[in-house]
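Participant: Take this structure, written in structure tokens, and hold onto it; I'll ask about it next.
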Amino acid sequence: MRIVSLAGGIGGARFLRGLLAATPDAEITVIGNTGDDITLFGLRVCPDLDTIMYTLGGGIDENQGWGRADETHIVKEELAAYGMEPQWFGLGDRDFATHIVRTQMLNAGYSLTQVTEALCARWQPGVRLLPMSDDRAETHVVVEDEHGRRAIHFQEWWVRLRASVPARDIALVGAAEAKPAPGVLEAIHSADVVILPPSNPVVSIGTILQIQGIRQALETKVVVGVSPIIGNAPVRGMADACLTAIGVPTTAQAVLELYGAPLVDGWLVAEEDGDVSLDGVEVRARPLLMSDPEATAALARAALDLAGEISR
Ligand code: GDP
Ligand code: CA
């Protein structure tokens, strides 16, 4: 079976670990969000691709959900001692090495797709990990504070401000010019099933869907999504602040409507959201908490079962 899954960072990576456990023989291609990418200290950082790579490759800090296990922060401390900004983005020493390799390869002329493949040669994530695009397209957030109305990089809003300043809008700068990375549309066309894991619907899945041709390609496929919202709240993180910014209520129903019926064929919600419905979509209530590997694998299996039911 050929499976394509879109993915953001932590929610996507955890789901994918369950998917791998549920279908060890499937050929899985992951289309990763690169809208969170940022250049820091001259280094190209791709937080969501790295979270997937480290999680599936066994190098993740399990408690934090991102970054490397057994991490130290000497380089960060030394940069701060020189007064280097930004100091609000946590880059560990082990993690720095990844960004140095990536930046060196990009500067030598390799594409992000090629760099990601090279990094994955070490981590062996068990999936084919593709960036959504080789072109630079970064999420920016329009905020209004004492400095007036301005757009800041998504990471500044998310990490430095902890989404505490209300976002007036969220936009993927460069979306109009960005093309899907090589292999992305081909993987979708040859997929038997497409999964939307419970990643952030605005700045993870929503970002990938903005890259030209991806939504249209997905509309021809059996697509099953897992709601990241349970009982009117994100399971973790601040996805509610992102949804509010684009005028969408924080409910499993509204996220389903945001993705829309021609795109999504099946939608998994939590038991308490069992009244969710949309014409053309099969909705099922299932345990949605990825509390341990078994529960996560069961969730992945539920998504595949629903896809199978829809295909028949
Ligand atoms: P990020 O890029 O690291 O923010 O991660 P993602 O975009 O991949 O996923 C973030 C989303 O995962 C959040 O909106 C959470 O609500 C959702 N999430 C996290 N844990 C769970 C879980 O156990 N179950 C479900 N259904 N959603 C989850
Ligand atoms: Ca992310």
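Okay, so the sequence shown: first residue is 94 according to the working numbering, each after it adds one.
Just so you know, even glycine gets a beta-carbon here, dropped at the ideal spot from N, CA and C.
With a floor of 4 residues, list each alpha helix (DSSP H) that falls wholly inside the stretch 325 to 371, ordered by position along the chain.
Facilitator: Fully enclosed alpha helix (DSSP H) runs of 4 or longer: 332 to 338, 345 to 352.
Participant: When DSSP labels each residue in this structure, what does alanine 280 get in the three-state scheme?
Facilitator: Residue mapping note: residue 280 aligns to position 187 of the sequence shown, counting from 1. The answer is helix: DSSP assigns alanine 280 an H, G or I state.
Participant: Quick one: grab the DSSP three-state call for serine 257.
Facilitator: For the purposes of this step, residue 257 is identified with residue 164 of the sequence shown, where counting begins at 1. Coil at serine 257, not helix or strand.
Participant: CB alanine 162 to CB glutamate 170, shorter than 9 Å?
Facilitator: Here residue 162 refers to the residue found at position 69 when the sequence shown is read from its first residue. Here residue 170 refers to the residue found at position 77 when the sequence shown is read from its first residue. No.
Participant: Kindly indicate the opening and closing residues of the beta strand (DSSP E) around arginine 137.
Facilitator: As a position in the sequence shown, residue 137 is number 44, starting the count at 1. That run of the beta strand (DSSP E) goes 136 to 138.
Participant: Would DSSP call leucine 392 helix, strand or coil?
Facilitator: By 1-based counting over the sequence shown, the position of residue 392 is 299. Helix at leucine 392.
Participant: Tell me the residue span of the beta strand (DSSP E) that contains glycine 318.
Facilitator: Walking along the sequence shown from the start, residue 318 turns up at place 225. Taken as a continuous stretch (DSSP letters only), the beta strand (DSSP E) holding glycine 318 covers 316 to 319.
Participant: Closer than 7 Å by C-beta to glutamate 350: which residues in its own chain qualify, once you throw out the five before and the five after it? Chain order, please.
Facilitator: For the purposes of this step, residue 350 is taken as residue 257 along the sequence shown, with counting starting at 1. Counting only Cβ-Cβ distances below 7 Å, and skipping sequence neighbours, we find Leu371.
Participant: Is it the case that the CB of valine 266 approaches a heavy atom of ligand 2 more closely than 8 Å?
Facilitator: Position 173 of the sequence shown, counted from the first residue, corresponds to residue 266. Checking the Cβ of valine 266 against ligand 2 gives no.
Participant: Which residue spans inside the stretch 265 to 312 form an unbroken beta strand (DSSP E) run of at least 3?
Facilitator: DSSP runs (the beta strand (DSSP E)) wholly in the stretch 265 to 312: 286 to 289.
Participant: Taking 8 Å as the line, does the beta carbon of asparagine 126 fall inside it for any heavy atom of ligand 1?
Facilitator: Position 33 of the sequence shown, counting from 1, holds the residue named residue 126. Yes, the beta carbon of asparagine 126 sits closer than 8 Å to at least one heavy atom of ligand 1.
Participant: Three Cβ pairs or more, each shorter than 8 Å: is that satisfied between the stretch 305 to 315 and the stretch 142 to 155?
Facilitator: Judged by Cβ distances under 8 Å, the stretch 305 to 315 makes no contact with the stretch 142 to 155, as fewer than three pairs qualify.
Participant: Run the Cβ filter for me: residues under 5 Å from any heavy atom of ligand 2, listed in the order they occur in the chain.
Facilitator: Working through the chain, the matches are Gly101, Gly102, Asp129, Asp141.
Participant: For a test of the three-state rule: what should DSSP assign to glycine 373, helix, strand or coil?
Facilitator: Along the sequence shown, one-based indexing puts residue 373 at 280. It is coil, neither helix nor strand.
Participant: Taking a contact to mean a Cβ-Cβ separation below 9 Å, would you say proline 380 touches glutamate 364 in this structure?
Facilitator: For the purposes of this step, residue 380 is taken as residue 287 along the sequence shown, with counting starting at 1. For the purposes of this step, residue 364 is taken as residue 271 along the sequence shown, with counting starting at 1. Contact flag set, yes.
Participant: CB of isoleucine 323 to nearest heavy atom of ligand 1: below 8 Å?
Facilitator: Here residue 323 corresponds to residue number 230 of the sequence shown, with the count starting at 1. Checking the Cβ of isoleucine 323 against ligand 1 gives yes.
Participant: Per DSSP, which residues does isoleucine 124 bridge with? Please list them.
Facilitator: Within the sequence shown, residue 124 is the residue found at index 31, counting from 1. The partner list for isoleucine 124 (beta bridge, DSSP) reads Leu99, Leu223.
Participant: Given 8 Å as the limit, tell me if leucine 382 has its C-beta closer than that to any heavy atom belonging to ligand 4.
Facilitator: Ligands present in the displayed structure are limited to ligand 1 and ligand 2, and ligand 4 is not among them.
Participant: CB of valine 220 to nearest heavy atom of ligand 1: below 8 Å?
Facilitator: Along the sequence shown, read from residue 1 onward, the residue named residue 220 stands at position 127. No; taking the cut-off as 8 Å, the Cβ of valine 220 has no heavy atom of ligand 1 nearer than that.
Participant: Quick one: which unbroken beta strand (DSSP E) runs of 3-plus residues sit fully inside the stretch 125 to 188? Chain order, please.
Facilitator: With a minimum length of 3 residues, the continuous beta strand (DSSP E) runs that stay inside the stretch 125 to 188 are 131 to 133, 136 to 138.
Participant: Applying the criterion that 16 or more other CB atoms from any shown protein chain within 10 Å of the CB defines a buried residue, is aspartate 358 buried or exposed?
Facilitator: Here residue 358 is taken as the residue at index 265 of the sequence shown, counted from 1. Buried is the call here.
Participant: Check for me: the beta strand (DSSP E) holding alanine 244 runs from which residue to which?
Facilitator: Residue mapping note: residue 244 aligns to position 151 of the sequence shown, counting from 1. Here the beta strand (DSSP E) through alanine 244 covers 241 to 246.
Participant: Assign serine 320 to one of two classes, buried (16 or more other C-beta atoms within 10 Å of its C-beta) or exposed (fewer than that).
Facilitator: Position 227 of the sequence shown, counted from the first residue, corresponds to residue 320. Buried, since its Cβ has 16 or more Cβ neighbours within 10 Å.
Participant: Any idea if glutamine 180 is buried or exposed, counting beta-carbon neighbours within 10 angstroms, 16 or more meaning buried?
Facilitator: Stepping through the sequence shown from its first residue, residue 180 is reached at position 87. It is exposed - the Cβ of glutamine 180 has fewer than 16 other Cβ atoms within 10 Å.
Participant: How many Å lie between isoleucine 288 and alanine 174 at the Cα?
Facilitator: In the sequence shown, residue 288 corresponds to position 195, counting from 1. In the sequence shown, residue 174 corresponds to position 81, counting from 1. Their backbone Cα atoms lie some 45 Å apart in a straight line.
Participant: State the beta-bridge partners of valine 234 as determined by DSSP.
Facilitator: The count along the sequence shown starts at 1 and reaches residue 234 at position 141. Paired residue(s): Ile245, Ile263.
Participant: Whole angstroms is fine: what's the gap from alanine 332's alpha carbon to leucine 222's?
Facilitator: Here residue 332 refers to the residue found at position 239 of the sequence shown. Here residue 222 refers to the residue found at position 129 of the sequence shown. Their backbone Cα atoms lie some 24 Å apart in a straight line.
Participant: Looking only at its own chain, which residues have a Cβ that is under 6 Å from the Cβ of histidine 166, when we skip the five neighbours before and after it?
Facilitator: Indexing the sequence shown from 1 puts residue 166 at position 73. Answer for histidine 166: Gly185, listed in chain order.
Participant: Using 9 Å as the threshold, is the C-beta distance between arginine 261 and valine 286 below it?
Facilitator: Counted from its first residue, the sequence shown places residue 261 at position 168. Counted from its first residue, the sequence shown places residue 286 at position 193. It is not a contact, given that the beta carbons lie outside the stated cut-off.
Participant: Evaluate the contact criterion for the stretch 276 to 284 versus the stretch 390 to 404: three or more CB pairs, one atom per stretch, below 8 Å.
Facilitator: Flag = no, the stretch 276 to 284 and the stretch 390 to 404 do not touch.
Participant: Taking glycine 413 and proline 290 to be in contact with their CB atoms under 8 Å, please state how far apart those CB atoms are, rounded to whole angstroms.
Facilitator: The question about residue 413 has no answer here: the residues shown for the chain are numbered 94 through 405.
Participant: Tell me whether the beta-carbon of phenylalanine 419 lies closer than 9 Å to the beta-carbon of valine 252.
Facilitator: No answer is possible for residue 419: the residues shown for the chain start at 94 and end at 405.
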